Every structure is written in structure tokens, then in C-alpha cells.
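Its first residue numbered 558, the sequence shown is counted upward by one per residue in my numbering.
From the three backbone atoms N, C-alpha and C, an ideal C-beta is built for every residue, glycine too.
A quick note: this is a predicted structure, and the numbers were derived from the prediction, not measured.
The structure under discussion appears below in the form of C-alpha cells.
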Amino acid sequence: MKRNESAMRVVAETIRAKKGLSLGIVLAVGAAVAASLCPPLLLGRVIDAMTAGEGVPAVWAIGYFALLALAGLMEAARESGLTVFGQAMTHALRSRLMEKMTRLSADELSRQEPGAVAARFVSDVDTVESLFTGGIAGMAADACKIFGILAVIWLRNRGLALVLLLLLPFLFWFTRRVQRGMLAAQMAKRRAVGRASSLVPETLKCIRTIRCLGKEDYMAGRYDEAIDVGYRAMEKTNFYDAIYSPVILTLNAVVVAVVMLLSASGNARVLTLFGMSAGTAVAVMNYIGQIFAPVESLGMEIQTIQSAIAGVKRIDEFFAREERNPTGEACGQEPTDAAVELRHVTFGYDEHIVLDDLSFRILPGERVTLVGRTGAGKSTVFKLLMGLYTPGSGDVLIDGRPAAAMAEAERRRVFGYVEQTFHAVPGTVRDQMTLYDDSIDDEAVRRAAALVGLDKHIETLPQGYDTPCTPALFSQGEWQLISIARAAVADPKIMLLDEITANLDAETEQCVLRALGRASEGRTVISISHRTGAETGRLIMLGGHNAASA
Ligand code: ATP
Ligand code: MG
558 MKRNESAMRV VAETIRAKKG LSLGIVLAVG AAVAASLCPP LLLGRVIDAM TAGEGVPAVW
618 AIGYFALLAL AGLMEAARES GLTVFGQAMT HALRSRLMEK MTRLSADELS RQEPGAVAAR
678 FVSDVDTVES LFTGGIAGMA ADACKIFGIL AVIWLRNRGL ALVLLLLLPF LFWFTRRVQR
738 GMLAAQMAKR RAVGRASSLV PETLKCIRTI RCLGKEDYMA GRYDEAIDVG YRAMEKTNFY
798 DAIYSPVILT LNAVVVAVVM LLSASGNARV LTLFGMSAGT AVAVMNYIGQ IFAPVESLGM
858 EIQTIQSAIA GVKRIDEFFA REERNPTGEA CGQEPTDAAV ELRHVTFGYD EHIVLDDLSF
918 RILPGERVTL VGRTGAGKST VFKLLMGLYT PGSGDVLIDG RPAAAMAEAE RRRVFGYVEQ
978 TFHAVPGTVR DQMTLYDDSI DDEAVRRAAA LVGLDKHIET LPQGYDTPCT PALFSQGEWQ
1038 LISIARAAVA DPKIMLLDEI TANLDAETEQ CVLRALGRAS EGRTVISISH RTGAETGRLI
1098 MLGGHNAASA
């Protein structure tokens, strides 16, 4: 089962939730472009008035500066709006990703590479943010500016507009070429720097082996190689950096010179295209200077959009992953009076079959022990019972309902799970037992601690149950007791005990077993043991002949 979620849907929801802000950004983009197009026109008029010997009204001068200030203000407003919007969007995307992760099955999660999942949350979300804050908004602003400048120049001097139209494709191609070359060189440099810096600690770590085998020159050679690659890549970035600005400036100068020469040519046919007043000449020169910057940014924005599209795809792949069924609906199995029943269950992790046609029944209040060699699948049976995995075939039934269909909230009231290895959670002593479940009150926590005989010890801690936990706060045996208290605190119907006494000394083991005896009263208890003599109740054998029950 999966919900219809995607990165773009989250973005659309953010736009809807922040309607005012989104509209403000669009208006600021438009206003900034319009305001930046006006000052050269005004400057042209001032110069025309001056060359004609007319006075220049003060309001024109004030207007000129006011327009420049307005353009700056609008750009600042656009950037601030985009930053706020970007934050809202990354917040929404990250929370949705986290919600999605909590809905994934343990099976699906165990197949994920932790680094790759972390990258979805961090870098992929960042690229989607930059798609909107930098990429699309910047591209819209730059495209508007280029078209605006071309339109104004077309109205003022057709010839120049035609020259620019011919020149722009070359300019764009050249800009992209330089940017691609620069990006490739920067990546190569980053890789080389990474390799060179990892060689130093690697050499230090293996220094004894290097000395013994006389490999000092070999390591020095490898380091030289890595820094050589880095220097060559650096030279390439310097080259691209060095050529771009001079080429653009020369192009700018050549266009201005050619247009000025043509406008001063005196040829009537040329003048119909290129003729202009002194004021217009100043204005168009100003515009030519302005048109190069947006072309350069456009190239960068295309790059941002390309990497963001890959980020969006990766986020959508994550959203599309299969979810477990959290509804807790029964699916029409034959009724059973067993607390726990496995019917012809076959299960494996990917290709590796662990349980093959396993069947057993455990009645309410019964005590059984799963026995089998290491790797026989005993802990796996517990994970199937708790619905963390679904069987490849067969049924896993808890009180007659499929285990995987059990609602999240119900699971803790049904199962108390004492894990093979205890995992502390960040937080206080109370948090270790409640696992942040607010419905478990202080009295239940105290009762659980008393059940395992740790209540007195916890009360002597500086902040009692509110003491923040560190690994040194309890001994290994005491952590094991906390683990039993965690299982018992929600008063579950079934206790699952996985090898809980494996690493304890005889005295602590007795203490843990007594605590368990008290915690297990009146419940169905399923234990795991591969030590003979530690079994209680009926035995269920795993491994070799799976379906056997003794
Ligand atoms: P032990 O007595 O050592 O605790 P066990 O009977 O509890 O062993 P399981 O932990 O159920 O054994 O593992 C059974 C098999 O499944 C093992 O071969 C193990 O390598 C494999 N296995 C367990 N968990 C996973 C997993 N998440 N992904 C892939 N394989 C797994
Ligand atoms: Mg195990």
C-alpha cells in the first residue's frame, strides 16, 4: 500500500499554504525587472535634453535614483521571500519524508542503505529547495530581463536588437561551455583533494606495516599522484575563470563599437536600422552591459535545475516505496483459539530462505521455548510475530488476525519484547521504559521497575526516573533488567524473550530470571534459547525439521 505523494505535490501544497508569500515573490520578480529596465531610458532622455541645450528637471534626477533604489529593494524583497518560502518547503518535505519512513515496513527499511536514505533527507531536499529559490525564480527573473532589454532595444534601435539576437545564441553556448568545463574541473579537484587527504591518515594508521615492508616511497608516490591530479584540475578551473570575463568584455566592446560606427556611418539605409540620438546611444550601451549578466546566471540556473530534477526523482522513489498496513484489519483467516499460530510459514531475507514451511500453535497462557542452532531463524520468528516482516507464504496469526495487520498502537499492549541485545533510546530512565509513550503513567513505570527489583536503585539516582541515561548509568545486567521492565510496563498479553541471559554471570542471571518469572505471570511467554537446560515449558525446534514441535 502507498499514498500518492511526491516532491512536487509537497511543493504545490507549500505554495497553497503560503499564497500571500508566493504572490509577493512573483510581484517582486516583475517589479525588480521593470524597475531595472527604466533607469537607462531616463538617462537617455536626460542626455538628449542636455545635448539639445534644454534644462534637466530635478524630478528626472530624483526619479533615476528612486528607480535604481526600487530595483534594489525589489530584488532584496524577492530574495527574502524566496528564503522564507524555501525554509517552509524544506521543512514540509523533510517532515513528509520522515512520516513516510515511519510507515515503511522493517523489511523495506532493512533493504535501504543508511547513507542513501540520509542523502534523500539532506542533499536531495536541498537541491529541491535551490530549484525553487535559485533555479526557477532566478531563471524567470533572468529570462524576463533578457526579453525586456531586447524589447526596449528593439523599440530604440532595431539594428542593435538584430545584432544581439544573432549574438545571444553564441554567448549562451560559450557560457554553458565554460560552466560545464569549470564544473567538471571542480569535481575532479574535489575528488583529488579527498583522495590526497585520506592518504595522510591512511599512511599514519598503517605506518608500522609501511615501515616493515619498506613502502614509504610507494605511499609518497601515491600522494604525489593525487596532488598532481588536483593541481591539474585547479589549473583548468583557473583557465576557464581567466578566459570568461575577457571574452565577455571584448564582445561587449566590439558590439558597442560596431553599433556606434554604424550609427555614425552617414549611410541613409544603415541609419534606418542603426541611427540614434546621443541619449539613446548611452541607454543602449547601458543595456548591452546589462544583458550579459542574466545570460551567465541562466547557465548556472540550468545546472541547478538539472541536479534538482535528479533530486526530485530520488525523493519520489522514496515516496513510492511499499508501506506496511497500519489499519489493523483482519483478513478472513479461519478462526483459531491459539494466542499465536504459524501456518506453513516460509520466509527469507531476499534470496536467503530462513524458515521453510514452519507451523506451530501456542495457546493463551502457555510457556514455550524456541530452540535451534545459531542462525536457525529464532529471532526472525519474533520479528514475524510482531508484524515487522510479512511471510513469503503462509500465515502468522495473533489472536486469529494476521500479525502484519496489527495497528501500531495495539502492538505494545500485545507484545512485550525483550531483545537479544538491548538498545537504549536517547532520554531519561523513564524514557527507556515508556519509549516516549505518554499513555504509560508514572505508577506503571514504578511498578515495572519494582517488578525487576530496580526501583530502589533508580530512586537513589540524582533525578530518579528523570535521570538522563548514559551507558555507564547501569551495569550490563541492570540494563537487561531495564529491558524486561520496558517489555512489562505496557502490561502486554504475550512476552517474547530473546536469549536474555546470554551474557550474564550466574548470580545476575538468577536475578534476571526471577524478575522474568514475576513479569511473566498470567501471560503467554515465548522464549528463545540455544543453551540446553535454560528452556522452560514446551519446546519448539527450529532448523532442519522446521515444523516440529516437541
Ligand atoms: P541466534 O541464535 O544467533 O540469535 P537466530 O536463530 O536468532 O540466531 P536470526 O537472527 O533469526 O537467527 O537469523 C536467521 C538468518 O537470517 C541468519 O542467517 C541471518 O544472517 C539472517 N538475517 C537475520 N536478519 C537479517 C536481515 N535483516 N537481513 C538479512 N538477513 C538477515
Ligand atoms: Mg537471535
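If contacts are defined as beta-carbon pairs under 8 angstroms, then residue i and residue j qualify, I think. What distance do you get, rounded to the angstrom?
| i | j | result |
| --- | --- | --- |
| Ile703 | Pro851 | 5 angstroms |
| Gln935 | Leu942 | The amino acid at residue 935 is misidentified as Gln; the sequence shows Lys. Rounded, the Cβ-Cβ distance is 11 angstroms, inconsistent with contact. |
| Leu728 | Leu819 | That pair is no contact at about 20 angstroms. |
| Arg1080 | Met1052 | 5 angstroms |
| Gln1037 | Phe979 | 6 angstroms |
| Ala865 | Thr690 | In fact, because the Cβ distance is near 10 angstroms, the residues do not count as touching under 8 angstroms. |
| Ala694 | Ile848 | That belief does not hold up - the Cβ atoms of Ala694 and Ile848 are roughly 19 angstroms apart, past 8 angstroms. |
| Val1046 | Ile997 | 6 angstroms |
| Met990 | Ala1042 | 5 angstroms |
| Val1130 | Met565 | There is simply no residue 1130 to check, as the chain begins at 558 and stops at 1107 in what is shown. |
| Tyr780 | Ala753 | 6 angstroms |
| Glu632 | Ala589 | 5 angstroms |
Suppose contacts are defined by Cβ-Cβ distances below 8 angstroms. Is residue i in contact with residue j by that definition?
| i | j | result |
| --- | --- | --- |
| Leu625 | Pro597 | no |
| Ala1111 | Val586 | Outside the modelled stretch of the chain, which goes from 558 to 1107, sits residue 1111, for which no answer is possible. |
| Val816 | Val720 | yes |
| Ala1044 | Tyr974 | yes |
| Gly1109 | Cys1026 | Residue 1109 lies beyond the range of the chain shown here (558 to 1107); nothing can be said about it. |
| Val567 | Ala645 | no |
| Pro1049 | Val971 | yes |
| Val839 | Arg713 | no |
| Gly944 | Met963 | yes |
| Ala966 | Gly1100 | no |
| Gly643 | Thr861 | no |
| Leu830 | Arg715 | yes |
| Gly856 | Gln736 | yes |
| Glu976 | Asp1055 | yes |
| Leu594 | Trp617 | no |
| Gly1034 | Val1069 | yes |
| Leu1011 | Ile1039 | yes |
| Ile1083 | Ile919 | yes |
| Arg749 | Ala783 | According to the sequence as given, residue 749 is Ala; it is not Arg. A contact, by the Cβ cut-off of 8 angstroms. |
| Val812 | Leu724 | yes |
| Arg677 | Ile872 | yes |
| Ala1076 | Val982 | no |
| Leu717 | Gly638 | no |
| Ile706 | Tyr844 | yes |
| Ala1005 | Ile1015 | no |
| Val682 | Thr647 | yes |
| Tyr797 | Gly738 | yes |
| Met655 | Gly929 | no |
Closer than 7 angstroms: is that where the CB of residue i sits relative to any heavy atom of the ligand FMN?
| i | result |
| --- | --- |
| Ser916 | This structure lacks the ligand FMN; the ligands present are the ligand ATP and the ligand MG. |
Entirely within the segment 909-962 and at least 3 residues each: give me those beta strand (DSSP E) ranges in chain order.
-> Fully enclosed beta strand (DSSP E) runs of no fewer than 3 residues occupy 909-919, 924-928 and 950-955 of the segment 909-962, in order along the chain.
Note down, one range per segment and in chain order, each alpha helix (DSSP H) of at least 4 residues found wholly within the segment 563-618.
-> Those alpha helix (DSSP H) runs which fall completely within the segment 563-618 and span 4+ residues are 564-574 and 576-608.
Give, in chain order, every unbroken run of the alpha helix (DSSP H) that is at least 4 residues long and sits entirely within the segment 749-835.
-> Those alpha helix (DSSP H) runs which fall completely within the segment 749-835 and span 4+ residues are 764-770, 773-820 and 825-831.
Hey, which unbroken runs of the alpha helix (DSSP H) at 4 residues or more fall wholly within the segment 1009-1036?
-> Within the segment 1009-1036, the complete alpha helix (DSSP H) runs of at least 4 residues are 1012-1016.
Pocket of the ligand MG (residues with CB nearer than 7 angstroms to any heavy atom), chain order = For the ligand MG, the selected residues are Lys935, Ser936, Gln977, Asp1055, Glu1056 and Ile1085.
Should the segment 873-880 be called in touch with the segment 751-764, which here means at least 3 C-beta pairs below 8 angstroms?
-> They do not touch, by the three-pair rule.
Count the C-beta pairs between the segment 948-958 and the segment 898-912 that are closer than 8 angstroms, then say yes if the count reaches three, no if not.
-> Contact holds between the segment 948-958 and the segment 898-912, because three or more Cβ pairs, one in each stretch, are under 8 angstroms apart.
Inter-stretch contact at 8 angstroms, needing at least 3 Cβ pairs: the segment 827-845 / the segment 778-788 = The segment 827-845 vs the segment 778-788: no contact.
Every unbroken alpha helix (DSSP H) within the segment 685-718, with a cutoff of 4 residues, ordered by chain | Segments of the alpha helix (DSSP H) lying fully in the segment 685-718: 694-713.
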